[in-house]
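Participant: One structure, pasted below without further comment.
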Amino acid sequence: MNSSILEKYMNRNERLLNTENYYDVKIYVGVKPNIKEFHAHASIICTHCPFFSNALNNATKENGYYIVKKENISEQIFKPILR
5 MNSSILEKYM
15 NRNERLLNTE
25 NYYDVKIYVG
35 VKPNIKEFHA
45 HASIICTHCP
55 FFSNALNNAT
65 KENGYYIVKK
75 ENISEQIFKP
85 ILR
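See the structure below:
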């Protein structure tokens, strides 16, 4: 695959991960009072990582959003996993 095509794909993927438009997953990491909420797109994160596919299979759904709670992961550790 041409490196410029791959670079364009990665840039578009990164923009999708960074946008809050049309997200359908809310992920809560940490424990009170240090809980951080992340938003994501189910189809993107499930495609890229079995961890998220499994998490969404076990998630509850509230008001149209998948809700995932990961109390055993800190924000600093989780943020790179999401990317």
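By my numbering, the letter at position 7 of the sequence shown is numbered 11, and the numbering carries on one by one without gaps. All C-beta atoms in this analysis are idealised placements derived from N, C-alpha and C, irrespective of residue type, glycine included.
1. Return the first residue and the last residue of the alpha helix (DSSP H) that Ile48 is part of.
2. Taking 7 angstroms as the limit between beta carbons, can you name the residues of its chain near Ala63, skipping five residues before and five after?
3. Leaving out the 5 sequence neighbours to the left and right, which residues in its chain are closer than 6 angstroms to Lys40 when beta-carbon positions are compared?
4. In the DSSP assignment, find the alpha helix (DSSP H) that holds Ile85 and state where it starts and stops.
5. From the DSSP output, which residues share a beta bridge with Ile31?
6. Taking the beta strand (DSSP E) that Lys65 belongs to, which residues open and close that run?
Facilitator: A quick look at the data gives this:
1. Ala46 to His52
2. Tyr70, Ile71 and Val72
3. Val33, Gly34 and Glu79
4. Glu79 to Leu86
5. Phe42 and Val72
6. Thr64 to Glu66
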